[in-house]
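What follows is one structure encoded as structure tokens, with my remarks underneath.
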Amino acid sequence: QVAAGSEHSCALMQTGDIYTWGRNVDFQLGLGHQHTCSSPQHVKSLRGKKGLMITSGSNHNLAWVLLDGRKAIMAWGNNAHGQCGNGSTDAHNMQQLADSLQKHAVSRLAAGQSHSAVLTGDGILWVCGSSRQGQLGTGDVSSCGYPRPLSCLPPPGVYRVWACGSNRNGVLGAGNDGLSELHASSSFLLTDRRLLLELSFSPLEVASVSSFSPRQVQCGSEHVLLFCAEGFAFAWGSNAAGQLGVTNRI
Numbered sequence: 001q002v003a004a005g006s007e008h009s010c011a012l013m014q015t016g017d018i019y020t021w022g023r024n025v026d027f028q029l030g031l032g033h034q035h036t037c038s039s040p041q042h043v044k045s046l047r048g049k050k051g052l053m054i055t056s057g058s059n060h061n062l063a064w065v066l067l068d069g070r071k072a073i074m075a076w077g078n079n080a081h082g083q084c085g086n087g088s089t090d091a092h093n094m095q096q097l098a099d100s101l102q103k104h105a106v107s108r109l110a111a112g113q114s115h116s117a118v119l120t121g122d123g124i125l126w127v128c129g130s131s132r133q134g135q136l137g138t139g140d141v142s143s144c145g146y147p148r149p150l151s152c153l154p155p156p157g158v159y160r161v162w163a164c165g166s167n168r169n170g171v172l173g174a175g176n177d178g179l180s181e182l183h184a185s186s187s188f189l190l191t192d193r194r195l196l197l198e199l200s201f202s203p204l205e206v207a208s209v210s211s212f213s214p215r216q217v218q219c220g221s222e223h224v225l226l227f228c229a230e231g232f233a234f235a236w237g238s239n240a241a242g243q244l245g246v247t248n249r250i
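Start counting the sequence shown at 1; every next residue gets the next number (UniProt numbering).
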């Protein structure tokens with residue numbers, strides 16, 4: 001498994017070992033120093049811990065590891081907004097446990113520029129870090145230093161696509177025109193007699209793909225790709241560099 005941050009990369013090997021390389025100003029390589037590394041380096045501080053899953057934000061990482069017979073979430077790197085989920089805002093040059101989630105089995109890990117999300121086996125989505133643009137989906141713009149569960153999502157087993165945060169270039173997939181897109185917890189701009197969805201502080205359902213069965217979704221800086229079980233791929237958001245894979249660049 002591989003993961004890529006803004007200017008660093010991580011690789012989880014079949015043996016469970018984790019290697020990192022790239023920019024390291026925020027200790028995001030987990031090597032105990034801040035020197036940039038142009039070749040893969042073994043994260044020796046995780047020796048004895050078998051990596052099971054890894055993800056990278058812009059300058060921080062989350063890993064689910066097997067530690068002394070139990071599974072634990074480790075986080076390291078930039079933590080200015082509490083995205084490492086351990087209650088502090090200090091950058092970490094060594095891995096830190098996100099203690100509040102250690103009792104839960106992990107299904108998925110995800111990390112944005114300055115926030116993190118963990119989906120646990122019981123179907124609960126936990127979020128922490130910056131919510132300046134509503135990206136945590138908690139209903140406000142307050143940062144969270146500890147993982148916080150979201151209660152507004154559908155129950156486990158219901159596969160639907162939800163999005164929250166900044167809607168620049170339509171990246172939320174919720175449209176930008178008409179009253180049907182209005183949401184009680186959203187912020188709007190009135191331009192040219194049209195209501196433009198600017199931010200959503202709580203998750204919005206992406207209704208245009210609700211009739212499909214999503215299997216994988218990936219978010220770029222300003223665009224989203226979705227693959228469905230029916231074999232269809234959807235893309236929305238900015239297409240300034242052709243990143244949507246369609247001919248018109250808007």
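Here a beta-carbon is modelled for each residue, glycine too, at the ideal position from N, C-alpha and C.
Quick caveat, the model's predicted, so the values are computed rather than measured.
Check, Outcome
"Assigned secondary structure, residue 130 (DSSP; H/G/I helix, E/B strand, else coil)", "coil"
"Beta-carbon proximity of residue 37 to residue 29, cut-off 8 Å", "yes"
"C-beta atoms of residue 119 and residue 127 nearer than 8 Å", "no"
"Under the three-state DSSP convention, the category residue 238 falls into", "coil"
"Residue range of the unbroken beta strand (DSSP E) whose run includes residue 227", "223 to 228"
"Contact check, residue 85 vs residue 72, beta carbons under 8 Å", "no"
"Cβ-Cβ distance between residue 69 and residue 27 below 8 Å", "no"
"Inter-residue Cα distance where the pair is residue 57 and residue 218", "13 Å"
"Nearest-angstrom Cα separation, counted from residue 110 out to residue 50", "19 Å"
"Alpha-carbon spacing of residue 95 relative to residue 246, whole angstroms", "41 Å"
"DSSP state of residue 9 mapped onto helix, strand, coil", "strand"
"Boundaries of the beta strand (DSSP E) in which residue 39 is found, first to last residue", "37 to 42"
"CB of residue 145 within 8 Å of CB of residue 88, strictly", "yes"
"Residue 102, buried or exposed, once every other Cβ within 10 Å from all chains shown has been counted against 16", "exposed"
"Pair within 8 Å by beta-carbon distance, residue 235 and residue 223", "yes"
"C-alpha gap between residue 93 and residue 67, whole angstroms", "19 Å"
"Proximity winner among 25, 42, 81 and 43, relative to residue 35 (alpha-carbon distances)", "25"
"Beta-carbon spacing of residue 242, residue 143 below 8 Å", "no"
"Residue 143: first and last residue of the uninterrupted beta strand (DSSP E) it sits in", "Careful: residue 143 lies outside any beta strand (DSSP E) and carries neither H nor E."
"Residue 7 versus residue 23 - alpha carbon distance", "5 Å"
"Per-residue DSSP class, three states only, for residue 150", "coil"
"Length-filtered (3 minimum) beta strand (DSSP E) runs lying within the stretch 35 to 95", "37 to 42, 50 to 56, 60 to 67 and 70 to 77"
"Whole-angstrom distance between residue 55 and residue 62, CA atom to CA atom", "5 Å"
"Simplified DSSP state of residue 2, which is helix, strand or coil", "strand"
"Range covered by the beta strand (DSSP E) that runs through residue 22", "18 to 22"
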